[in-house]
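Residue numbers (my numbering): 136 to 432.
The structure under discussion appears below in the form of structure tokens.
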């Protein structure tokens with residue numbers, strides 16, 4: 136079952152900020168009893184000045200910091216050369232990441248290096264770079280590290296593993312959504328031999344950091360952190376835009392990038408409750424894996 140969540144277009148005001156400060160101060164008392172209140176405020180948007188507090192709280196990163204207080208610092212004793220090659224590719228025109236010796240690139244290196252040592256079985260994944268960069272634009276390095284841990288472990292499990300099984304899983308969901316919600320787009324892609332995995336991998340793994348206007352991206356992430364554990368992960372904005380809004384214009388331009396720019400007023404977060412589609416997801420994933428030789432016969 137699909138549940139559209141519209142992002143409210145007005146920016147959070149002082150009254151909203153006061154409500155968020157109250158939520159932060161009473162976080163342990165509010166949840167889970169007042170979870171609906173928190174979700175409602177997330178749809179209105181989190182004030183930029185409070186995202187450094189709110190995202191870690193919503194994702195559970197704050198609890199991880201308390202539980203493993205010194206782990207981030209100990210992980211920094213190790214490093215991997217391969218990370219350095221990607222640092223200047225993450226938001227190269229953003230003032231925080233312009234300089235190789237600047238604070239931004241140093242912090243990004245530390246966060247990615249720490250995660251690699253925290254999860255050595257997964258190693259380093261290039262797609263984590265832009266995700267970590269956006270986190271660092273909104274909070275200190277240690278909080279960014281733990282938010283990245285929560286994203287990789289709780290929100291998007293299997294996305295950054297060697298086999299990318301989580302991405303395969305959600306690409307199967309996207310196929311399911313396209314087939315049911317926009318059969319014309321689905322048939323057109325099939326006719327041209329295009330699988331959703333071909334164009335959606337970068338969207339999903341990088342959490343749309345390379346594809347949405349920055350202010351819109353932040354609002355999408357507000358909802359992602361709030362609803363992420365209960366939705367079909369990553370089916371946000373652009374996927375839904377292809378399904379409903381820009382298909383005809385994209386075809387006219389001959390490319391999925393040819394349509395209108397993506398604005399906040401057009402973005403919808405499609406919540407796919409896992410309990411309602413789990414059997415379809417499993418069927419589509421099994422078929423996909425069998426077609427690639429990875430699944431059981």
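We treat Cβ as the ideally placed atom computed from N, Cα and C, and that holds for glycine.
Keep in mind that this is a model prediction, so the values were computed, not measured.
**Asked** For the candidate residues 183, 277, 148, whose alpha-carbon lies nearest to that of residue 354?
**Response** 183
**Request:** Would you kindly work out how many angstroms separate the C-alpha atoms of residue 292 and residue 186, rounded to a whole number?
**Result:** 23 Å
**Prompt:** Which word fits residue 479, buried or exposed, when buried means at least 16 other C-beta atoms lie within 10 angstroms of its C-beta?
**Reply:** Lying before the first or after the last residue shown, residue 479 is absent from the chain, which here runs from 136 to 432.
**Sequence-distant residues of the same chain with beta carbon closer than 8 Å to residue 228, five excluded per side** = none
**Request:** Please list, in chain order, all residues of the same chain as residue 133 whose beta carbon is under 7 Å from its beta carbon, the five residues on each side excluded.
**Result:** No answer is possible for residue 133: it lies beyond the span of the chain, which begins at 136 and ends at 432.
**Check whether residue 247 and residue 218 have beta carbons under 7 Å apart** = yes
**Prompt:** Which residues in the same chain as residue 146 place their Cβ atom closer than 7 Å to its Cβ, once the five residues preceding and following it in sequence are excluded?
**Reply:** 180
**Request:** Report yes if the CB atom of residue 195 is closer than 7 Å to the CB atom of residue 263, and no otherwise.
**Result:** no
**Residue range of the unbroken alpha helix (DSSP H) whose run includes residue 185** = Unbroken run through residue 185: none, as it is neither H nor E.
**Request:** Would you kindly work out how many angstroms separate the C-alpha atoms of residue 343 and residue 359, rounded to a whole number?
**Result:** 11 Å
**Counted within 10 angstroms of its Cβ, other Cβ atoms place residue 188 as buried (16 or more) or exposed** = buried
**Message:** On the criterion of 16 or more Cβ atoms from any shown chain inside 10 Å, does residue 434 qualify as buried, or is it exposed?
**Reply:** There is simply no residue 434 to check, as the chain begins at 136 and stops at 432 in what is shown.
**Asked** Hey, out of 149, 301, 313, 281, whose CA is closest to residue 193's CA?
**Response** 281
**Message:** Check this for me: beta carbons of residue 257 and residue 295, under 7 Å apart or not?
**Reply:** yes
**Message:** Can you confirm whether the segment 309–318 touches the segment 229–244 when touching is taken to mean that 3 or more C-beta pairs between the two stretches lie within less than 8 Å?
**Reply:** no
**Contacts around residue 331, its chain only, beta-carbon distance under 6 Å, and the 5 residues preceding and following it disregarded** = 306, 309, 310
**Request:** Starting from the Cα of residue 356, find the closest Cα among 191, 275, 154, 226 and give me that residue.
**Result:** 191
**Prompt:** Under three-state DSSP, which class holds residue 195?
**Reply:** coil
**Prompt:** What are the boundary residues of the alpha helix (DSSP H) that includes residue 352?
**Reply:** 349–362
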